[in-house]
Amino acid sequence: MRVYWITWGVLLMFTSVMLWADGAAIPRTAFVIFMIGAMLTKASIICANFMHLRQESAWMVVTVVVGLFVTGTILYVLIAPDAARIHSMVGVR
Amino acid sequence: MTEAAAPTLDRWSGGTCPFGAGWRKVMMWWFIVTDGLLFAGFLASYGYARILAFHWPDQASVFSLSYIAAMTFVLISSSATMATAVWAARERRRPTVLRFVLLTALGGVIFLGMQAFEWGHLIAEGARLNTNPWGDASFGAYFFLLTGFHGTHVLTGVIVLATTAIRSAKGLASSEGVEMAGLYWHFVDLVWVFIFTLFYLL
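See below:
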C-alpha cells in the first residue's frame, strides 16, 4: 500500500513542478519538451504503479504500450504538423 | 509444428490466459486502449487546430490555473484512494474496501462539481461551441469537447464506483471486480494528465 501513496506524492510533485514551469521564463521549445516529458513520465507512473502494468506479463505491456503510444505518435507526428504547412501555403488567409 | 512452436500456440489457442491474466482484465485493458485512442484522436485534432490557429487564446488569461491544479489534486488523490481499495480487496479487508471506494467516488463527485463550476463560469463569460471572446473560434469547441467527454467518463466512473460500493457492502464484490473498477478509474486519471498538460498548460 505504501507504494501507492509514494506514487501519489511523486505525481503531485511533478504537477507542482509543471505549474511552476508554466509561470517561469523558459524558452518555448525547452518548455514544450519539458512538459511533454513530464506528462509522459506521469502517465508511465500511473500505468506502472496504480494500474499495476509493471506486474503484468511482458506481452500485455508491449501490446498496451505499442497500441497507445505508437498510434498516438503517428497521429501527432504525421497529422498535426500538416497544420503548420498550411500557414506557409500561398493564398491562405 | 515444431516442439519450440508448441508452447506459443498453446498460449494463443484460446486457452485460459494468453496474457497471463484473466479475461476480464484483458478485456478491460483492450477497452482502455481503444478508449485511449479515441482521446488520442481528439487531442491530435486539437493539436492540428492549435497549430493552424493564428490567435489561440492565452490559457492563463482564460482559466484560473490554481483552480485547475486543485481539480488535478482531487483526481490524483482519488486515484491513490482507489489503488488502496484494490489493495484492500486483495487482502480481503471489506470495510477498508468500502471506505476507500466511497472516498474515491467522493473525489469524482467533487471533481465533477468543480468542472460544472468551471463550465458555468466560462459560459457566463461568453464561451460557446462556435465562438468565444478570447481568440480562435475552435477554442470553445475543443474545450467543451475534451473536458465534456472526460467529464462523462468521470461520471461513468462514479456510477461504477457506487455500484462497486453497494456490492462490496453486501459482500458481493470480488477482488477482481474492484480491480476492474480501479483500472477504469485510473484510466480517467491518466486521460486528465494529458488534457491538463496539452490543453491547460501548453
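So the sequences go chain by chain: E and X.
Per the working numbering, the first sequence starts with residue 3, numbered consecutively.
Per the working numbering, the second sequence starts with residue 1245, numbered consecutively.
Where a beta carbon is used, it is the ideal one built from N, C-alpha and C, also for glycine.
Would you say residue i faces chain E, with C-beta separation under 9 Å as the test?
{"i": "Arg1294/X", "result": "yes"}
{"i": "Gly1426/X", "result": "yes"}
{"i": "Leu1434/X", "result": "yes"}
{"i": "Met1447/X", "result": "Any property of residue 1447/X remains undetermined from this structure, which presents chain X solely from 1245 to 1446."}
{"i": "His1299/X", "result": "no"}
{"i": "Val1398/X", "result": "no"}
{"i": "Thr1441/X", "result": "yes"}
{"i": "Trp1331/X", "result": "yes"}
{"i": "Phe1431/X", "result": "yes"}
{"i": "Phe1317/X", "result": "yes"}
{"i": "Thr1328/X", "result": "yes"}
{"i": "Ala1304/X", "result": "yes"}
{"i": "Leu1446/X", "result": "yes"}
{"i": "Ser1341/X", "result": "The question names Ser, yet the displayed sequence has Val at residue 1341/X. So, not an interface residue."}
{"i": "Leu1389/X", "result": "no"}
{"i": "Gly1291/X", "result": "yes"}
Quick one: what does DSSP say residue i is sitting in, helix, strand or coil?
{"i": "Ala60/E", "result": "helix"}
{"i": "Tyr1420/X", "result": "It is Glu, not Tyr, that sits at residue 1420/X in the sequence shown. Looking at Glu1420/X - three-state DSSP - the assignment turns out to be helix."}
{"i": "Pro1377/X", "result": "coil"}
{"i": "Phe1355/X", "result": "helix"}
{"i": "Met41/E", "result": "helix"}
{"i": "Met3/E", "result": "coil"}
{"i": "Ala1265/X", "result": "coil"}
{"i": "Ala26/E", "result": "coil"}
{"i": "Arg1372/X", "result": "coil"}
{"i": "Leu14/E", "result": "helix"}
{"i": "Met1272/X", "result": "helix"}
{"i": "Ser1412/X", "result": "helix"}
{"i": "Met20/E", "result": "helix"}
For a cutoff of 9 Å on Cβ pairs, would you count residue i as touching chain X?
{"i": "Ile28/E", "result": "no"}
{"i": "Ala82/E", "result": "yes"}
{"i": "Ala32/E", "result": "no"}
{"i": "Ser90/E", "result": "no"}
{"i": "Val19/E", "result": "no"}
Got a sec? Which residues, its chain only, sit under 7 Å from residue i by beta carbon, not counting five neighbours each side?
{"i": "Leu1427/X", "result": "Met1272, Ile1276"}
{"i": "Ser1419/X", "result": "Ala1333, Arg1334"}
{"i": "Val1330/X", "result": "Val1422, Glu1423, Gly1426"}
{"i": "Phe1388/X", "result": "Leu1373"}
CB-CB under 8 Å to residue i, same chain, minus the five flanking residues each way: which ones, in chain order?
{"i": "Asn1374/X", "result": "Ala1381, Gly1384, Ala1385"}
{"i": "Val1341/X", "result": "Ala1329, Ala1332, Ala1333, Ser1412, Ala1417, Val1422"}
Quick one: residues in its chain with C-beta nearer than 6 Å to the C-beta of residue i, no 5 flanking neighbours on either side, listed in chain order?
{"i": "Thr1246/X", "result": "Here Thr1246/X scores only 49 on pLDDT, less than 50, and its place in the model should not be relied on; the value that follows carries that caveat. Cβ within range, chain order: n/a, list empty."}
{"i": "Gly11/E", "result": "none"}
{"i": "Val1371/X", "result": "With the sequence shown as reference, residue 1371/X is identified as Ala, and Val is not the correct amino acid for it. Closer than 6 Å at the Cβ level, and outside the excluded window around Ala1371/X, lie Gly1384."}
{"i": "Tyr1290/X", "result": "Tyr1386"}
- Query: Which full runs of the beta strand (DSSP E) of 3+ residues lie inside the segment 1275–1338 of chain X, going along the chain?
  - Reply: none
- Name, going along the chain, the residues of the segment 1260–1289 of chain X whose beta-carbon falls closer than 7 Å to a beta-carbon of chain E. Phe1263, Gly1264, Ala1265, Trp1273, Val1277, Gly1280, Leu1281, Ala1284, Gly1285, Ala1288
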